[in-house]
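Presented below is the structure to which this report refers.
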Amino acid sequence: MPLLEPKPGTLRPAATEGPYHDRVADGRASGTPERLRDDLTALLGPDKVLHGISDLVRYASDASPYRFVPQVVVLAEDVDDISAVFSYAHGKGRNVVFRAAGTSLNGQAQGEDILVDVRRHWAGVEVLDGGARARIRPGTTVVRANAALARHGRLLGPDPASAIACTLGGVVANNASGMTAGTTRNSYRTLASVTLVLPSGTIVDTGDPAADEELAHAEPALCRGLMELKAEIEADPELVARIRAKYQIKNTNGYRLDAFLDASTPAGILRGLAVGSEGTLGFIAETVFETLPRNRCTSSALLFFPTLSAAAAAVPLFNEAGAIAVELMDGNTLRASVRVSGVPADWAELPKATAALLVEFRAPDDAAQEAQEEAAREVLAGLDLVTPVASVTNEFTRDAGVIAGYWKARKAFVTAVGGSRPSGTTLITEDFAVPPSRLAEACAALLELQARHGFDAAVAGHAAHGNLHFLLAFDAARPADVERYAAFMDEFCTLTVERFDGSLKAEHATGRNIAPFLEREWGPRATELMWRVKKTVDPHGILAPRVLLDRDPKAHLRGLKTIPRVEAVADPCIECGFCEPTCPSQDLTTTPRQRIVLRREMMRQTPVSPVTGALLDAYGYDAVDTCAGDSTCKLACPVGIDTGAMMKDFRHRRHSPKEERAAALTARHFKVVERSARLAVAAAAQIGDRIGEGRADRLLKSLTGAARKAVRPDLVPEWLPQIPGAAARRLPATRRVGAVAVYYPACVNRIFGEPDGFDGPSLPEAVVAVSARAGKPVWIPSDVTGTCCATIWHSKGYDEGNAVMANRIVEAAWGWTAGGRLPLVVDASSCTLGIAHEVVPYLTEDNRELHDELTVVDSVVWAAEELLPHLEILRTVGSAVLHPTCSMRHLGDEAQLRAVAEACAEEVVVPDDAGCCAFAGDRGMLHRELTEAATAKEAAEVASRRFDAHLSANRMCEVGMDHATGGRGYHSALLALERATRPTG
154 MPLLEPKPGT LRPAATEGPY HDRVADGRAS GTPERLRDDL TALLGPDKVL HGISDLVRYA
214 SDASPYRFVP QVVVLAEDVD DISAVFSYAH GKGRNVVFRA AGTSLNGQAQ GEDILVDVRR
274 HWAGVEVLDG GARARIRPGT TVVRANAALA RHGRLLGPDP ASAIACTLGG VVANNASGMT
334 AGTTRNSYRT LASVTLVLPS GTIVDTGDPA ADEELAHAEP ALCRGLMELK AEIEADPELV
394 ARIRAKYQIK NTNGYRLDAF LDASTPAGIL RGLAVGSEGT LGFIAETVFE TLPRNRCTSS
454 ALLFFPTLSA AAAAVPLFNE AGAIAVELMD GNTLRASVRV SGVPADWAEL PKATAALLVE
514 FRAPDDAAQE AQEEAAREVL AGLDLVTPVA SVTNEFTRDA GVIAGYWKAR KAFVTAVGGS
574 RPSGTTLITE DFAVPPSRLA EACAALLELQ ARHGFDAAVA GHAAHGNLHF LLAFDAARPA
634 DVERYAAFMD EFCTLTVERF DGSLKAEHAT GRNIAPFLER EWGPRATELM WRVKKTVDPH
694 GILAPRVLLD RDPKAHLRGL KTIPRVEAVA DPCIECGFCE PTCPSQDLTT TPRQRIVLRR
754 EMMRQTPVSP VTGALLDAYG YDAVDTCAGD STCKLACPVG IDTGAMMKDF RHRRHSPKEE
814 RAAALTARHF KVVERSARLA VAAAAQIGDR IGEGRADRLL KSLTGAARKA VRPDLVPEWL
874 PQIPGAAARR LPATRRVGAV AVYYPACVNR IFGEPDGFDG PSLPEAVVAV SARAGKPVWI
934 PSDVTGTCCA TIWHSKGYDE GNAVMANRIV EAAWGWTAGG RLPLVVDASS CTLGIAHEVV
994 PYLTEDNREL HDELTVVDSV VWAAEELLPH LEILRTVGSA VLHPTCSMRH LGDEAQLRAV
1054 AEACAEEVVV PDDAGCCAFA GDRGMLHREL TEAATAKEAA EVASRRFDAH LSANRMCEVG
1114 MDHATGGRGY HSALLALERA TRPTG
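Using our numbering, the first residue of the sequence shown is number 154, and each one after it goes up by one.
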């Protein structure tokens, strides 16, 4: 064991509220049963089978109020794996559930036996016919697909609020629609074809002209059964009328029986049945969508009304005026949205009865937009709007930033309201539809019903389509609360069906919480036909039992998950999964949601349970060590949960007092450490010069590897071939007199030089030169050596060392900038973020006052806003690819990086899969596998073509991307700007 290996027990909860009734039983501490594990490992290979209890628990929770712990998790890579699992399940009498993003709200992505992950290896978009169609793999997020289509002026019809996280496989399987899709732009209407793996293992591409012929040969009984069902339905005029009527409004409850009316062949019927089938009829291996024009002329307004009913009454008026979206938000939703970054703070003071409509028009051109706005003004003139707080304008705007803010608040409905629920409560998200003309009546009835059952719920929805969502919070650990929820659900379903003839599920699919009420909505005749559909397509019942069809009237009360209290930073988490696509470790170990899910399971247990022990054994590496600490999860989370901060705190908890003192000592003597590091890098380069780079790399990797084993892998970096040589011993000479800014070269740029083969000045020389050319000279203080932004200590959780360096850099910067009169320009984005924001909690009270006087500017912002207007571009390259860093996302200066790059290159590309490289200072050298996993998709995009320049804004991120792309020579955009403006001769 390494000398300083942390003990897992340091993260053991000192006290828990457990044992909870839904805790994982002690007998499952060893994970997957041995026979099942060995069978699937032999069938698929060890890399495709997750069997530890930590793996099973982290996959057991999703965005729904349910929790079922699988027996095993399979990482399927292709349709052969899917077919093999189906065959195994059939032969062994087991069942299979698919999970992609885990954003579904009704437990569809949870299973109690074999759970198959169909996200990790299933992403990809192919744009067809100039953007008119798109072939999309099921693990692709809606946002990623639309990014590929955007350059063709097209987009997908479905636009769920979870678009940043939900995948197209899930969108189709649930017929998710969203803000604008309604009944005409959803998956059922825009899905051209689908490739299905049937439970028998047969693969059918419904878009293949030979699909029916091949299907008839491979599955004669299936084809015969589907056509018999079609004939039976069509022979019943009353049933046909009922089916057509049910789909006049949004409806995802049960199987799409209109597939039998809309298609004439078995393959066509399967295409329709696949939509909304929730993984119960087959695996959706590929989709082809008909896309829609991206009308870019947008006008939006957020309109405030005195009551929910008043807002609902205005909805038909905007529908008639041609609005593409009319979104409803009640007072609880509006007030809870204050938790979302950018939402006006005075919304917290809105009266409880207040409601709002977010109304949007989209037009293809200016003339159409003018006409739409005139129609909107006519509607506004007849409305009784209110202005209860100062930020309310009740006006239409074309401002993209303002409109984005409106939508951010609306899309955060579930997460913002859920994040403000009482600690320890479970969140239920219900979704139903009524005829749009009866929306106001339904709102009043819903509010009365909620009050009668003691729920102070939040209501929002796609009002244009009569589709409402509401949230309920209750404690699933208390039987009385569960009974109250059960009574409410029974009465709610009766109200929706009998009073409004509505849909119990409008767009979230049936799921476990509505399956028991399916017959109440559809009646016995149609419901029995749905059971026959299931029997026809999945005769052995291997796929997703009890997810869509369940005869148990209390099935919706089974598996409700408790929510134990955890660390305060993470406690508001509703496990929505919005954080996962941005997480660098998502394809390696755990995601932010999973880190919290695992912590909650520890809290369900007793402190000494074997399950907690097993979870802790894995948690150190899977959760703490392989967290990049970039906190992009905070940006993706609508309520700003920073799981990265929690992991840094856990790192701190694992440190011994001796380690903390040693880290503080390095901070106090960082000048020596910095010089030693630069000399070590220089020595490594000299070794390479003497014995050859290949032999040197192998030698240094061997030496650092031995040290890592002896000390601790999370403390000793591993040598990587892409580590650049040493920086120059001296920084360029500058003068304080006449300088308009103080230039702070970050310690990484004082230690490391440019990539091998780079022909040009150092970064400090480039910043000095280009600033002078623009008439904006900068000054480098002579005593920068030995200072740092403190990120080195902050990222590792060394609080004492962090405090030492944080206070030192702020005191120094205040002096250098003459008390804040000059801006401080920093040439590494992570260091800019560190000095501008991350040091603050560690400052003394006096130094916080000094910090308030500082203006910290990233060098890319300095170049884009202060230098570019005064520079002459003398030469450009043909193309440049950018790697925006995660720190730039926090700082909001990605646009400035693009501006600098566009001055230097004719074509600028940001990869659609660009994300955090996870190098995170030195974490990419501590855990190279983390950076390799985080950059795999972006690197593949970059490697698919040639670029003349590879640009970023942080030296270690550039090293990480060089490692990922095989040494493409990533360097600072400031170096490119220096080259572009360098005088000739």
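Using N, Cα and C, we set each Cβ at its ideal position, and we do this for glycine too. The structure presented is a predicted model; accordingly, all values stated were derived computationally and were not measured.
Helix, strand or coil, according to DSSP, for residue i in the structure here?
i	result
I356	strand
H243	helix
M154	In this prediction, M154 has a pLDDT of 43, which is less than 50 and means its spatial position is unreliable; nothing more can be read from the coordinates.
L975	coil
W275	coil
V1010	strand
I794	coil
Y173	coil
V496	coil
V545	coil
A520	helix
I749	helix
R515	strand
I716	coil
L621	strand
Let me confirm a value: residue i is counted as buried when at least 16 other C-beta atoms fall within 10 Å, else exposed. Which label applies?
i	result
T486	buried
R748	buried
E998	exposed
A1093	exposed
S346	buried
M154	Residue confidence is low: M154 scores 43 on pLDDT, short of 50, so the model does not pin down where it sits. Its coordinate-derived value is still stated next. So M154 ends up on the exposed side.
P523	Strictly speaking, residue 523 in this sequence is Glu, with Pro absent from that position. With fewer than 16 Cβ atoms within 10 Å of its Cβ, E523 is classed as exposed.
L461	buried
A262	buried
L621	buried
D537	exposed
E827	buried
H1124	buried
Nearest CA to the CA of residue i: which residue from the options?
i	options	result
T293	P976, T689, A438 and R752	A438
T819	N955, T1137, W932 and A1054	N955
A697	L203, P223 and L164	P223
D909	E265, R297 and I876	I876
E1091	Y241, T1038 and L351	T1038
D192	V979, G205 and K245	K245
I727	P161, G205, G878 and S257	S257
P504	V1063, V468, P459 and R926	P459
I297	G1068, G572 and G1122	The question names Ile, but residue 297 in the sequence shown is Arg. Minimum Cα distance to R297 is reached at G1068.
H274	L228, G255, L1104 and H305	L228
G115	T765, F1072, A816 and A1071	Past the boundaries of the shown model lies residue 115; the chain is included only from 154 to 1138, so the question cannot be answered.
P589	Y173, F549 and F471	F471
Would you list the one or two residues that DSSP bridges to residue i?
i	result
P446	R307
M482	A509 and A613
A894	V931
F251	V269
L1104	L1035 and H1124
R605	According to DSSP, which records beta bridges pairwise, R605 is partnered with nothing at all.
F905	A879
L384	Note on residue identity: the sequence assigns Ala, not Leu, to residue 384. According to DSSP, A384 bridges with nothing at all.
Y219	L713
Could you check whether the Cβ of residue i sits closer than 7 Å to any heavy atom belonging to the ligand MG?
i	result
G1074	The ligand MG is absent from the structure shown, which contains no ligand whatsoever.
Problem set entry | Validate contact between the region 214–222 and the region 792–809 using beta carbons, cut 8 Å, 3 pairs | no
Exercise. Do the region 493–506 and the region 441–452 make contact, defined as three or more Cβ pairs closer than 8 Å?
Worked result: no
Problem set entry | Cβ contact (3+ pairs, closer than 8 Å) linking the region 400–412 and the region 662–671 | yes
Exercise. Would you call the region 357–367 and the region 694–711 touching, i.e. three or more CB-CB distances under 8 Å?
Worked result: no
Exercise. So, do the region 559–577 and the region 300–319 have three or more beta carbon pairs nearer to each other than 8 Å?
Worked result: yes
Problem set entry | Validate contact between the region 298–309 and the region 248–255 using beta carbons, cut 8 Å, 3 pairs | no
Problem set entry | Contact the region 631–640 vs the region 676–685: 3+ CB pairs below 8 Å | no
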